[in-house]
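What follows is a set of notes on a single structure, which appears directly below.
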Amino acid sequence: MISKPPVSAEASPDSGRHADNEASQEPLLIATDLRRYFSLPDGLFRKSSRKVKAVDGVNLTIGAGETLGLVGESGCGKSTLGRMLVRLDEPTAGDVIFEGQNISMLSEGELKPVRRRIQMVFQNPFSSLNPRKTIGETICEPLIVHGVGDARSRQARAMELLDIVGLRREHYNRYPHQFSGGQRQRIGIARAFALEPKLIVCDEPVSALDVSIQSQILNLIEDLQRAFGVSYLFISHDLRVVEHVSDRVAVMYLGRIVEEAPTAILYRSPRHPYTQALLAAVPVPDPSVEQTDIVLEGGVPNPIDPPQGCHFHPRCPLAVDRCRIEMPPLFESNGHKVRCWINGPGMHEA
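FYI, in our numbering the residues of the sequence shown are 34 to 383.
Shown next as structure tokens:
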């Protein structure tokens, strides 16, 4: 039996996170040169040669028991990347190695046992639950699909999961419309944990919730990680949330990773101008603290026709001629990676 972890009602005042977390030497997941291109229609029946490069050459790793935060503006490719890792979206190119196995080219039949070990928590708790199923049926569904146990053991497992996520067993026969947004997200989390996965992709799991409820869900997610050793890819546009839950943070811009570092280092010493601007925009709840404003000119470029060179250069206050011509590689030093011609040199290429 799985013991119930403590479920906190409020956010911890300590926003520091997992600095001493020890991941295994071999990463649980390795993504190599992942790409996802969408062809645009040209007229009613023809496909155009134009493509949207939603994800364009992303490399990342996630260790056992680790949380990797993924941040960036809306439309930068975060959710598409997360969906590719669980094979809900098929990659145009690249590989996903999970527990030493390349899952990128597996057939649906071959992929089925892998799906037991990789699950997903979706952004919208109102649309991610079937309104025609009771929550008991929703939680039991993955167990039925994978042939786990009989009806009685599946019901017992669902009851146990309701306890674990902070709901009551009498909720088992109720329908999603009878629950609040925060309760529905707890149901989604219970469903994701039903098969005892090794990795869960959390796609903006608290963005649709009130702030007071967000803290409860975040604490639940952390409690479950401590209890079961699961790894997370935590996707969010909220840098405060990501700081609270992540061991490492990757910053995404127009389909590419532009900076990656351990959380404490990235928040203390961001190197990419885009990361610096994002952090400068986070409000500090202390009127005595003077914040530095970094104003980015213009908006996110058209992903159909991205700028030559560094995609960020039209908005970058530090851009030089080389930025407008040549895409910088990822430079790395002591686990801190940055894709920038200005702040990268002096580090070695990753």
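Idealized CB from N, CA, C, for every residue including glycine.
message = Taking a contact to mean a Cβ-Cβ separation below 8 Å, would you say L363 touches R348 in this structure?
response = no
Buried or exposed (CB count within 10 angstroms, at least 16 for buried), S137 = buried
message = In this structure, how does DSSP classify H344 when only helix, strand and coil are distinguished?
response = coil
request  = Quickly, what does DSSP pair D128 with across the bridge? List them, please.
outcome  = T65
query = How many Å lie between V275 and G96 at the Cα?
reply = 17 Å
ask   = Less than 8 Å separating the beta-carbons of Q152 and L228?
value = yes
ask   = Exposed or buried, what is I254 when buried is set at 16 or more other beta-carbons lying within 10 Å of its beta-carbon?
value = buried
query = I think T125 touches R201, with their Cβ atoms under 8 Å apart; what is that distance to the nearest whole Å?
reply = Not a contact, Cβ separation roughly 45 Å.
ask   = Does the beta-carbon of L73 have 16 or more other beta-carbons within 10 angstroms, so that it is buried, or is it exposed?
value = exposed
ask   = How is the alpha helix (DSSP H) around P316 delimited, first residue to last?
value = Counting along the chain, P316 falls outside any alpha helix (DSSP H), and DSSP gives it neither H nor E.
message = Checking 8 Å against the spacing of the C-beta atoms, do G105 and A64 come in under that value?
response = no
ask   = Whose C-alpha, out of P60, I197, M285 and L162, is nearest the C-alpha of D256?
value = I197
key: Where P74 sits in the DSSP three-state scheme   = strand
inquiry  = Along the chain, where does the alpha helix (DSSP H) containing I358 start, and where does it finish?
reply    = D354 to I358
request  = Measure the Cβ-Cβ separation of Y205 and L194 and say whether it is below 8 Å.
outcome  = no
ask   = Smallest Cα separation from S279: which of V85, I168, G98 and E359?
value = G98
inquiry  = Just to confirm the assignment, what range does the beta strand (DSSP E) spanning P295 have?
reply    = R289 to P295
task = Please name the residue in P339, P209 and E365 whose C-alpha comes closest to that of E359.
result = P339
task = Tell me, please, which residues DSSP counts as bridged to R382.
result = One point to set straight first is that residue 382 is Glu, not Arg, in the sequence displayed. Partner(s): F364.
inquiry  = For the ligand PLP, I want to know if S72 counts as a neighbour, meaning its beta carbon is within less than 7 Å of at least one of the ligand's heavy atoms.
reply    = No copy of the ligand PLP occurs in the structure displayed, which carries no ligand at all.
ask   = Taking the runs of the beta strand (DSSP E) that are 3 residues or longer, which of them lie wholly in the stretch 246-281?
value = 264-268
request  = Could you tell me the distance, in whole angstroms, from the CA atom of L93 to the CA atom of S366?
outcome  = 16 Å
inquiry  = Judging by CA-CA distance, which residue of L101, V129 and F155 is the nearest neighbour of R217?
reply    = F155
query = With 16 as the cutoff for other CB atoms within 10 Å, does A189 come out buried or exposed?
reply = exposed
message = Rounded to the nearest angstrom, what separates N163 and G199 at their Cα positions?
response = 21 Å
message = From the DSSP secondary-structure annotation, give me the bridge partner or partners of H369.
response = S366
message = My assumption, with CB atoms under 8 Å, is that L101 sits in contact with R281. Please give the rounded CB distance.
response = 5 Å
key: Where V91 sits in the DSSP three-state scheme   = strand
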